[in-house]
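The structure appears right after this line, and notes come after that.
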Amino acid sequence: MRRVGPFILERRRAPSRAVVIGVSVLAVLAALLIMAIIFAGYGVNPWHAYATIGKSTLGSRYGLMEILRRTIPLLLCGVGLVIAFRAQFWNIGAEGQLLAGAVAATGVALYSGIPGPWLLPAMFGAGFLAGAVWGIIPAFLKVKLRVNDVITTLMMNYIMIYIVDWLIHGPWKGPTMRGFAYTDIFPKAAWLPTLPLSRVHWPTLVIGVAAAILAALILNRTRLGYEIRVVGESEGAARYAGINFLRVSLAVMILSGGLAGLAGVGEVAGIHHRLLSPTQVSMGYGYTAIIVAWLARGSPGVAIVTSLFFGLIFAAGDVIKTVLRMPFQVTGVFNGLILFFLIGVEPLMYWRVRLLPKGERWTGKAGSSGS
Amino acid sequence: MDWQSWLIGIVGRALAFGTPLLWGTLGEIYAERAGVVNLGVEGMMVLGAFSAFAVAQSTGHPGLGILVAALVGGGAALIHAFLTVTLRANQYVSGLALTMFGLGLAGLLGRGWEGIPLKQPLPSVTVPGLSKIPLLGPMLFEDQSILTYIGLVLAVVLWLLLYRTRWGIVLRSVGESPATADALGVNVFLVRYLAVILGGVLAGVAGGYLSVEYRPSWTEGMTAGMGWIVIALTIFAGWDPLQAIWGSLFFGALYHLSYRLQAWLPPELLKLMPYAFAILVLAIAGLSGRRRGAPGALGVPYTRGEK
Amino acid sequence: MRRIGIVVLAALAFLGLSALAEGNIKAGFIYVGPIGDYGWSHAHNEAREIVDQGFDWLETLYVESVPEGEVETFIDQLVAQGCNVIFATSFGFMDGTLAAAQRHPDVIFAHCSGFKRAPNMATYMADFYQVYYLNGLMAGALTKTGKIGYVGAFPIPEVKRHINAFTIGAREVNPNAEVHVKWIYEWFNPAAAKEAAEALIAEGCDVFAFTEDSPTVVQVAAEHGLPSFGHYSPMYDFAPDYVVSGQLVHWEAIYRDFLKKIHDGVYTPKNLQHVDYWWLLSQGAVEVGAKPGMMINPVFEDDLKACVIDHPVFGKISAYDLVMTRYNQMADPGVTFDPFQGPVYDRKGNLVIPEGMWPSVDTLITLEWAVEGVVGPWPGEPEE
């Protein structure tokens, strides 16, 4: 317990769902408020700014489709990260795992010779596998050699970035690309279908939603899910319960990396139809997915909502650039702010604020504390 | 070309490119020694780079620019310290947020400053006398930045501080076992705050070096991933300031060599080395069963007196 | 839902048409980089500002830092804002722009540096190879070590063509000159450009040219007291004593012509299938110079005049006069000289352009070989 002026703060064990949602919304609102100040500083009326963004994204079919398109990779990576974070595995490597998936899909699309109808399934399979492989290396290192997972997953992002760079400048450079650093365009059989008048590659979206549902089932209804949750609670408890730490970690990272890999397949097969510079393949989806997963607080179902929200943020970024004519860096600032607030308000969830009874309110030292 | 001029060229360039790496790494070592990982190095560096340029350009004093960069870097680190030490937020997420925020903010504020040559860059120095020594002279004492030498001295000072003084014991104990340190009367929060802020100050200087010395002008995103090399280097150096010297020289040389050896090796291969080495070093340390300097409470928020 | 979408698109198309009918043009420019990058996107944006002020019937919009995969999205948004002309200014935008052009048949598109066209999509390019050749003449005269450094962004035909033209120029003045090349594999990365330039200095190069989007090479060369050539934007101010000359672009020349012809009804969304601007010195789309109006930095004039060579065509002639002569041959509307005038041999000894021939535009934009005198890795170099 801690006393601040007339208030008393009490610590609580597990915050209720309402508190979590309330506090998260509060954080988002706070970030929006600061952004409003930045808009104003740029000479753009904040009301006008938010109204324009709302109208151009949520207010039109086109805008909604753009949100959906951005949601796809965020959802797949986000669900994967939710699983990883549940097991206290700090996978910062979704970006690299996504790229690994993109690379594998490209290899299959251009060089496998698999006939038409089997091509896309094979690409998704290879993408999942590649993402999973890129994911289990850190898992293995963590469990067997106690190597910090944050660092390995982070470093492996960069390794994959340079591998993609090397591929498109070297062995995979497309002969029809007139010397530019791209692979050739995929055969049409490797293009994902899109919703009419949009670039929403819906098969990947369906996979994403299915993955969220499946992940929820795994986490809540299966033995593996139970083990993941126990490992996430405490490693000690997991050992006590006789849980095979290596097996759980590998399973978690196969799922987490594999889902990010699927996102990579979706981007190259649905949007680009070729492999290109890593910064162009992904708009940093793997990093933004960390926020998506963080906001989802361990629930794959909630990740659908939070990935939609960040899909909206991406689409809003485009509006900020085109309609409001503001510099593109605004989105970076916003993402940073929202993340700051999200983690900043975290402690609020674990404290209950109560007003002291009338008689005690103004007695004693203000700000005194007793643990 | 003879081996001497190769060596001179490579060591000279390794020093120049290694300088921002060294400054950044020394800062991160201190923050992590106190138990706080700060993945926001890239963000702090880029904020430092922008503010150093803006100040140097408008006042004509590059030194003042570096000073302001240090303050700005420290200020940015303060956000991280507040979130992770006071509010006990997740250090990794907070650091990532700092990077996103820093890159965005510096880009936003810096728009009017792009594409302008800096009027008065930080002059490079040639040490009189020493530069005449054969081989070593041109390699180490010719046409280098003053910040290179300060960085090298700083590394030694920070090493001495860390291993040879009571302050260093306090700092390390906070990173190893904050509860024990607390029980011994150490103000864990204060130590962590100071270490994180020092990390920001040094990262700010590293950024300032880029914009007023290394390439005297400002462009959005000019740190180009150097902050992440610093994270890798911190591990590579085993959280030891003296090792950081060799580490930054080594990574600096690798980066330069990726251009020297272009005819023989794909540059991507040499550029991914720092990241691969960081993983390798950790893995080898794990194999040999040593923790190799990794502070025990790294990444763990400290909650006082609660079970 | 779908019906609404179609109605919206129809309404947009109608808006687009009505704007065209009134004779007013709203042109949207899409840039791949930030406009402050001091290179490619910066130059396009300067040109946009110039034409915007030049025509009272013209309104312009722009979007910067557009990722390649996102170009369609941004085109749609610009069209939704009433743009009836779209300029997509990066090679990587090619397929996205073509797709958008098919989706918006009443909007006029122009794609820079690509090769795919449509009835409503033209292509355009202001190319530097003549300018690089003239810079090469100067570099050949100024090098003392006989080694000239060149920092290239990507080994793509555009950059290869420029390095070749530059090398041909350098060897016309100094037959033993070598052009040493380093690639940084990025359009913009100051640290990479700096280390590449330093690597070239370490190899003994003493004059520098480059193709990448920052003034880094100019700055590094000046630190070592060595001359260099600016690229794209005026870089004179970055090193007034060391920038000899450089390549300057005037995209506005193309934009002015193209937009005027749309306004006059010459270009319509139906007849652009064969419209391809390939504009050079004689059309005023590019300029030789350290900054506009300064073709050769006065600091280097004496050196260039003092360098007298025995030229196979002009006999005894100073490098300075040779530059001027060649410039006039290429800048006059009736162009009488091309840097790649045959015979041109690649560095493996193959005759790539026969005696007396000039290369076609197609040859130039698909060029992969390196001429004699180019030293260094050359990814994509044809075998024998």
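Quick mapping for you: the protein sequence lines, in order, are chains U, G and S.
Numbered by the working numbering, the letters in the first sequence go through residues 364 to 734 in order.
Numbered by the working numbering, the letters in the second sequence go through residues -10 to 296 in order.
Numbered by the working numbering, the letters in the third sequence go through residues 21 to 404 in order.
We put the beta carbon where it would ideally sit given N, CA and C, even for glycine.
Just so it is clear, the structure is predicted and the values come from calculations on it, not from any experiment.
Query	Result
If you drop the 5 nearest sequence neighbours on each side, which residues of the same chain put their C-beta closer than 7 Å to that of residue 641/U?	462, 524, 527, 528
Under 6 Å Cβ to Cβ from residue 95/G, same chain only, skipping five residues before and after it: list those, please.	35, 36, 39
If you drop the 5 nearest sequence neighbours on each side, which residues of the same chain put their C-beta closer than 6 Å to that of residue 620/U?	460, 494, 495, 497, 498
Restricting to runs no shorter than 4 residues, where is the alpha helix (DSSP H) found entirely within the segment 617 to 671 of chain U?	641 to 644, 648 to 659
Of all the CB atoms in chain S, is at least one closer than 8 Å to the CB of residue 6/G?	yes
According to DSSP, what are the bridge partners of residue 250/S?	266/S
When Cβ atoms are compared, which residues of the segment 539 to 567 of chain U fall closer than 7 Å to chain S?	541, 542, 543, 544, 559, 560, 562
Measure from the C-beta of residue 96/S to each C-beta in chain U and report whether the shortest distance is under 8 Å.	yes
Show which residues of chain U have a CB atom less than 7 Å away from the CB atom of residue 77/G.	710
Count the other CB atoms within 10 Å of the CB of residue 520/U; is the residue buried (16 or more) or exposed (fewer)?	buried
Between the C-alpha atoms of residue 717/U and residue 572/U, what's the straight-line distance to the nearest angstrom?	41 Å
Please state whether the Cβ-Cβ distance between residue 82/G and residue 706/U is less than 8 Å.	yes
Helix, strand or coil for residue 440/U? Go by DSSP, reduced to three states.	helix
Name the two residues that bound the continuous alpha helix (DSSP H) containing residue 70/S.	60 to 74
Ends of the alpha helix (DSSP H) at residue 215/G?	215 to 225
For residue 196/G, which option in 48/G, 16/G, -8/G has the closest C-alpha, if you only look at C-alpha atoms?	16/G
Run through the DSSP bridge pairs and tell me what residue 331/S is partnered with.	335/S
Here's the rule: buried if 16 or more other CB atoms are within 10 angstroms of the residue's CB, otherwise exposed. What is residue 603/U?	exposed
Within 8 Å of any Cβ in chain S, is that where the Cβ of residue 245/G sits?	yes
For residue 103/G, list the residues DSSP reports as bridge partners.	207/G
From residue 98/S to residue 412/U, what distance separates their C-alpha atoms?	17 Å
Does DSSP classify residue 186/S as helix, strand or coil?	helix
For chain G, check one thing: does any of its Cβ atoms lie closer than 8 Å to the Cβ of residue 231/S?	no
Would you mind reading off the limits of the alpha helix (DSSP H) that contains residue 398/U?	380 to 404
May I ask you to report which of helix, strand or coil DSSP gives residue 291/G?	coil
Is residue 424/U helix, strand or coil by DSSP?	helix
Between 221/S, 391/S, 109/S, which has its C-alpha nearest residue -3/G's C-alpha?	221/S
Within its chain, find whatever has a CB closer than 7 Å to the CB of residue 41/S; leave out the 5 residues flanking it on each side and keep chain order.	Reliability of the predicted coordinates at residue 41/S is poor, the pLDDT of 48 falling under 50, and the value obtained from them is presented with this limitation in mind. Nothing listed; no residue qualifies.
CA-CA distance, residue 423/U and residue 633/U?	22 Å
So which residues of chain U does residue 100/G contact, with C-beta pairs closer than 7 Å?	690
Please classify residue 172/G as buried or exposed, where buried requires at least 16 other C-beta atoms within 10 Å of its C-beta.	exposed
Rounded to whole angstroms, what's the CA-CA distance from residue 517/U to residue 31/G? Just pull it up for me.	13 Å
Does residue 379/S get closer than 8 Å to chain U when you measure Cβ to Cβ?	no
Straight-line CA distance for residue 238/G to residue 3/G?	5 Å
What residues of chain A sit near residue 205/S, judged by a beta carbon separation below 8 Å?	Among the protein chains of the structure shown, namely U, G and S, there is no chain A.
Rounded to a whole number of angstroms, what is the C-alpha to C-alpha distance between residue 582/U and residue 592/U?	7 Å
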